[in-house]
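Participant: From first to last, the protein sequence lines stand for chains A and B. Per numbering that gives the first Met the number 0: the first sequence = residues 0 to 703. Per numbering that gives the first Met the number 0: the second sequence = residues 0 to 220. Quick reminder that beta carbons are idealized off the backbone N, C-alpha and C, glycines included. After the structure tokens below, expect a handful of questions from me.
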Amino acid sequence: MSLRRPLALGAAVLALAAPAAAQDRGLTYTLSGTPGLIDMPSALVAEDGQIAGTLALREGESRTSFTFQITPRLSGTFRYTGLQDYHAPGSYYGRGLDLRYQIIDEGERMPAIAVGLQDFLQVSPYSGEYLVATRTFGDSFRLTAGLGWGRLAGGEAIADRLAAHADESVPLDTWFRGDAAAFGGIEWAPSERFVIKAEYAPGEPYRDENGDPLFEHRSPLNFGINWRPKPGYQLGLAYLHGSEIALSGTLLFNPHDRPYAMGLDPAPVPVAVRTADLRAAQSWDRAARPESAVRDEIAAALAADGFAAVAVELGDRSARVRYTNSTYRAEAQALGRVARILTTVLPPSIESITLEPMRQGIALSAVTFRRSDLEVLENAPGGAQAAFGRATFADAGGEAGLVALPRDGSRFSWGIAPYGSVTFFRGSDPISIDAGLQATARYAFAPNLVLSGVLRYSLVPHDLPSSVSAGATQPVRRLSGLYASEGNPGITSLQLAWYERPGRDLYSRVTVGYLESMFGGVSTELLYSPVSTRWALGAEVNYVAQRANDMMFGFGDYCIAGGTDYCGSADHDYRTVTGHLSLYYALSEQVHAQFDVGRYLAGDWGASVSLDREFGNGWRIGGQVTVTEANRDDPDQDDFSAGVRISMPADFLYGTPSRRRSGIGLDLYSGDAGARLNVSDRLYDVIREGQVPDLESGWGRFWR
Amino acid sequence: MKVPAFMALAALALAGCSSGGTGFSLSSLPGAAIIGALRGDNAALDTPPVESEGFTAQAIADNPENFMIADVPNIGLNQPARLIRRNGRDETWAAQGGATFAFHDGVLVATRGLIDDLLAFSDAGVRAALAAGGGTVERRLDRLDDLDRVSDLSLTCTITRDGPEEVNLGLRAVVLVKFTEHCASRPLVFDNAYWLDPAGDILASRQFVSAAVGYARLNRL
């Protein structure tokens with residue numbers, strides 16, 4: 000039986016996972032990429048954290064959806080749709096966002112009940128709202144019934160809404176308003192791999208902007224079958240409205256499902272436990288074991304595990320070691336490994352070990368352990384929590400007393416790697432895919448003063464856009480298609496970055512050069528971030544000029560390409576001051592927020608809010624919304640800009656320790672309003688991993 | 000291990016070559032290298048670390064008591080391991096590939112370098128129960144969950160004496176007394192086995208590591 004997936008049990012070893020909730024079982028996805036029937040939603044929710052990518056096609060329509068189960072009850076869906084002949088003879092390409100909240104979980108007698116908003120930030124052919132209930136009977140039948148508004152009430156209802164509210168954004172006054180209609184359906188799972196569905200979808204199918212049907216509508220009944228050949232994959236075939244065939248495919252992934260369990264990390268050096276006599280020593284014999292020899296041993300031992308010892312201070316009873324971790328994602332794991340190594344090389348009289356992790360050449364914090372704690376907690380149940388509780392956390396100390404160690408490796412490094420990117424709505428292209436080779440080079444004058452550059456060569460030809468949308472706002476991002484076409488090969492960045500610690504809990508950055516593909520200049524930043532607080536305050540001021548669209552060394556010359564001036568009356572030699580005040584706040588161990596207010600790249604004043612769910616294993620999934628005066632004043636700009644982003648740690652993918660990441664960002668609504676300078680390595684992201692909130696969330700790996 | 004297909008895109012984005020040569024290698028296990036780097040006469044250590052190149056027939060023949068065979072069939076590990084740390088009744092043994100096994104008085108209390116490690120496992124009362132010919136003890140097991148949080152589990156373990164058995168330790172066959180430890184706590188159930196010599200030392204054992212790794216068979220030479 001398939002709707003209730005059996006819990007796999009081993010003969011001798013039972014799985015450590017909790018039994019799956021009832022609604023997790025036999026879940027299939029709609030053409031819109033949400034859990035449900037065929038075109039209609041259900042009240043079921045996916046497993047917490049699950050990401051589902053769905054591509055659905057039928058003649059004249061495509062839907063690409065990404066659904067993220069944000070919390071156990073709340074999910075969000077980003078959808079990109081194409082609808083032929085909507086603007087006869089033109090097509091509709093739209094981005095939309097859904098939210099769904101499960102009010103009641105399915106119980107012994109009660110059905111699951113959910114409320115949902117579909118494409119709710121605008122009025123589009125897909126906008127709608129619903130209240131829906133779902134109940135599973137036995138192991139193989141499931142019934143869903145709901146009430147829908149807007150699109151879910153049929154073509155006439157959404158046509159009326161479009162006619163009355165077409166230009167509204169965040170159309171609160173349309174939600175759950177207008178004609179409503181019932182919908183519903185049944186699912187039957189004859190085997191583990193198949194789910195057969197039938198649904199009643201009210202009204203006519205989709206209409207064009209004039210209210211005329213886009214598809215032939217012979218029946219309100221839809222029929223479909225989903226095939227689940229393996230966990231993580233679903234394929235669907237549906238017969239819609241008595242006239243249409245639709246195909247869909249869904250890929251499922253959950254950041255909780257680690258392909259390499261705890262990872263392929265090599266075993267750490269075990270703690271060396273001192274005898275009682277040695278532990279009682281108050282000093283050590285520097286004649287027999289000079290400090291220089293101890294420092295050399297520290298450097299060699301740390302290097303063997305992927306750490307670079309930067310500086311060491313040795314006393315009779317205490318030691319302070321600055322190091323750079325370029326191997327392990329979780330700084331807490333690096334602390335644990337470095338501490339263990341030090342127990343094997345430090346003179347036995349040293350009881351207090353202070354570690355100062357460094358990034359970009361600056362110290363992030365000072366974490367002090369008692370060596371005797373390390374000696375008893377390494378293999379003790381509860382040892383990780385106890386080590387955290389007994390450690391002290393403070394701002395990194397000064398330079399006094401530290402002896403710098405010889406730098407490890409060359410000052411110069413380089414690399415060549417493939418790159419890929421997907422851009423939505425660049426000019427008139429709904430989707431623009433880019434791929435090619437990327438060369439990087441880096442020269443460190445000092446650990447905190449680094450010259451770096453990136454040169455890209457695209458293997459995908461990019462034609463000049465036929466036109467660029469007009470607007471009163473300076474075209475700071477609207478011309479990105481010109482850069483893609485004219486700037487190949489192109490220098491995406493060439494900059495000198497300088498990081499410093501100007502005072503207690505203060506961090507600073509100055510970056511000069513070609514800061515990103517479209518702008519160059521000077522970027523300055525100051526961050527106040529006490530080590531143990533959940534918040535930080537930042538200020539950033541940049542003076543930038545728009546680069547030439549050949550992405551080489553010039554400024555200006557970004558408007559004209561192929562003999563066409565794409566800027567119109569806009570400034571042809573744009574220079575501006577842009578900057579923000581930022582508040583960073585860890586709302587919980589897994590939810591991080593950022594609030595920015597300031598002057599954006601086009602000179603527009605406004606504010607941004609970002610929320611990210613950050614999984615302890617390194618995954619980050621979030622989004623941001625920005626509203627500026629240009630959104631309000633320029634009718635050619637969206638009423639706000641918004642985007643979602645996913646960042647995946649490389650150690651999750653490969654299993655081996657790594658600090659690298661791969662990410663993707665999807666702009667739902669974007670333009671020149673609310674655009675920000677894309678300068679790399681902003682301070683908060685650089686320093687946060689060495690501070691208490693991040694250390695605490697990764698502390699489970701301290702003894703790994 | 001299976002990786003979802005779409006993650007191949009991310010793999011492509013992370014691929015490449017560089018001057019650092021810090022690519023990903025499933026076989027790079029520097030544990031032994033670290034130990035090698037730490038060689039030397041360090042007064043801080045009550046037992047100096049064993050040299051990394053010490054897995055030779057001569058080394059084993061000279062000091063067989065410092066070696067064991069570690070067999071973890073679920074992950075294909077079957078290697079000699081040697082004693083690298085001793086502090087009283089606490090011992091840490093390193094397999095030739097770098098994985099380590101930590102024991103308290105012969106009872107496995109932690110592993111490192113296996114894909115799904117035993118983070119920590121209390122052994123309180125186990126030796127007393129073995130000495131008494133059986134008994135029931137409460138043990139606590141720590142592991143990392145899928146979000147890198149430490150989750151703990153309390154288990155009730157019942158130890159029973161099964162009687163003498165002949166056991167092949169690799170270099171010799173001896174008659175030892177077998178004890179079985181049945182540990183259970185929803186949703187985890189497993190059975191450890193210990194083979195003790197007349198002095199009460201655990202010379203061979205089969206001990207639980209984790210759900211993914213299963214059991215480790217550990218035979219002293």
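Work out the CA separation of A/Asp680 and A/Asn541 for me, nearest whole Å.
Facilitator: Cα to Cα, the separation comes out at about 14 Å.
Participant: So, helix, strand or coil for A/Ser696, using DSSP?
Facilitator: Helix.
Participant: Can the beta-carbon of A/Ser531 be found less than 8 Å from the beta-carbon of A/Phe392?
Facilitator: Cβ distance < 8 Å, so A/Ser531 and A/Phe392 count as in contact.
Participant: Apart from the five residues on each side of it in sequence, which residues of its chain come closer than 8 Å, Cβ to Cβ, to A/Gly578?
Facilitator: Ala538, Glu539, Val540, Asn541, Gly597 and Arg598.
Participant: When the cut-off is 8 Å and only beta carbons count, does A/Asn616 lie next to chain D?
Facilitator: In the structure shown, chain D does not exist; the protein chains are A and B.
Participant: From the DSSP output, in three-state form, read off A/Thr343 for me.
Facilitator: Reduced to three states, the DSSP call for A/Thr343 is helix.
Participant: With a threshold of 8 Å between beta carbons, is A/Val272 in contact with chain B?
Facilitator: Yes - at least one Cβ of chain B is within 8 Å of the one on A/Val272.
Participant: With distances taken from CA atoms, which of A/Ser242, A/Ile185, A/Pro230 and A/Gly183 is nearest A/Pro212?
Facilitator: Nearest of A/Ser242, A/Ile185, A/Pro230 and A/Gly183 to A/Pro212, Cα basis: A/Ser242.
Participant: Taking the alpha helix (DSSP H) that B/Tyr214 falls in, what are its first and last residues?
Facilitator: Careful: B/Tyr214 lies outside any alpha helix (DSSP H), inside the beta strand (DSSP E) at Gly213 to Arg219.
Participant: Indicate the three-state DSSP secondary structure (helix, strand or coil) for A/Tyr557 in the structure shown.
Facilitator: Note: A/Tyr557 maps to coil in three-state DSSP.
Participant: Whole angstroms is fine: what's the gap from A/Asp504's alpha carbon to A/Pro529's?
Facilitator: Looking at the two C-alpha atoms, the distance is approximately 5 Å.
Participant: Under 8 Å, do A/Ile349 and A/Phe368 count as touching if we go by C-beta distance?
Facilitator: Cβ distance not < 8 Å, so A/Ile349 and A/Phe368 don't count as in contact.
Participant: So, for B/Arg160: in the same chain, excluding its five sequence neighbours on each side, which residues have a beta-carbon less than 6 Å away from its beta-carbon?
Facilitator: Here the set comprises Gly132, Gly133 and Phe178.
Participant: With a Cβ-Cβ cutoff of 8 Å, do A/Phe214 and A/Tyr238 count as a contact?
Facilitator: No; because the gap between Cβ atoms is not below 8 Å, this pair is not in contact.
Participant: Considering only residues of the same chain and omitting the five flanking positions on each side of A/Tyr327, which have a CB-CB separation below 6 Å?
Facilitator: Ala333 and Pro656, listed in sequence order.
Participant: Just mark A/Gly153 as buried or exposed, buried being the case when its beta carbon has 16 or more other beta carbons within 10 Å.
Facilitator: Classification of A/Gly153: buried, given that the 10 Å Cβ count is 16 or more.
Participant: Does A/Gly699 get closer than 8 Å to chain B when you measure Cβ to Cβ?
Facilitator: Closer than 8 Å: yes.
Participant: Starting from A/Val270, trace the alpha helix (DSSP H) in both directions and tell me its first and last residue.
Facilitator: That residue, A/Val270, is in no alpha helix (DSSP H); it is neither H nor E in DSSP.
Participant: Check for me: the alpha helix (DSSP H) holding A/Ile297 runs from which residue to which?
Facilitator: Where A/Ile297 is concerned, the enclosing alpha helix (DSSP H) stretches over Glu290 to Ala303.
Participant: Short check: CB of A/Thr70 to CB of A/Gly32, under 8 Å?
Facilitator: Contact flag unset, no.
Participant: Short of 7 Å in beta carbon distance, which residues of its chain neighbour A/Arg227, apart from the five on each side in sequence? Order them along the chain.
Facilitator: Cβ within range, chain order: Arg192 and Gln233.
Participant: Just the chain A side, please: which residues come within less than 9 Å of B/Gly132 by C-beta, in chain order?
Facilitator: Those within 9 Å of B/Gly132 in chain A number zero; the least Cβ separation is about 24 Å.
Participant: For A/Met109, is the classification buried or exposed, using 16 other Cβ atoms within 10 angstroms of its Cβ as the cut-off for buried?
Facilitator: Exposed.
Participant: I'd like the span of the alpha helix (DSSP H) that includes A/Asp97, first residue to last.
Facilitator: It is not in any alpha helix (DSSP H) - A/Asp97 instead sits in the beta strand (DSSP E) that spans Gly89 to Ile103.
Participant: Please compile the residues from chain B whose C-beta is within a distance smaller than 7 Å of the C-beta of A/Gln384.
Facilitator: Correct list: Val149.
Participant: How many angstroms separate the CA atom of B/Ser209 from the CA atom of A/Asn225?
Facilitator: Distance between the alpha carbons of B/Ser209 and A/Asn225: 36 Å.
Participant: Using 8 Å as the limit for Cβ to Cβ distance, is B/Thr99 near chain A?
Facilitator: B/Thr99 counts as touching chain A.
Participant: If we cut at 8 Å on Cβ distances, does A/Leu266 have a partner in chain B?
Facilitator: Per the sequence shown, the amino acid found at residue 266 of chain A is Ala instead of Leu. With 8 Å as the cut-off, A/Ala266 counts as an interface residue toward chain B.
Participant: Excluding five sequence neighbours on each side, which residues of the same chain lie with their C-beta closer than 6 Å to the C-beta of B/Gly213?
Facilitator: Around B/Gly213: Asn73.
Participant: Could you have a look at A/Asp38 and say whether DSSP puts it in helix, strand or coil?
Facilitator: Three-state DSSP puts A/Asp38 in coil, outside helix and strand.
Participant: Less than 8 Å between CB atoms is the rule here; does B/Asn77 satisfy it with respect to chain A?
Facilitator: No, its Cβ sits nowhere closer than 8 Å to a Cβ of chain A.
Participant: So, are the CB atoms of B/Asp116 and B/His103 less than 8 Å apart?
Facilitator: No, they are not a contact pair.
Participant: Please report the distance separating the alpha-carbon of A/Met550 from that of A/Val293.
Facilitator: Looking at the two C-alpha atoms, the distance is approximately 50 Å.
Participant: Measuring CA to CA, which of A/Leu404, A/Gly137 and A/Ala197 is closest to A/Ile185?
Facilitator: Ranking A/Leu404, A/Gly137 and A/Ala197 by Cα distance to A/Ile185 puts A/Ala197 first.
Participant: Listing by chain order, which chain B residues have their CB less than 7 Å from the CB of A/Ala260?
Facilitator: Under the 7 Å cutoff, chain B gives Ile114, Asp115 and Ala211.
Participant: Where does A/Phe444 land, buried or exposed, given buried means 16+ other C-beta within 10 angstroms?
Facilitator: It is exposed - the Cβ of A/Phe444 has fewer than 16 other Cβ atoms within 10 Å.
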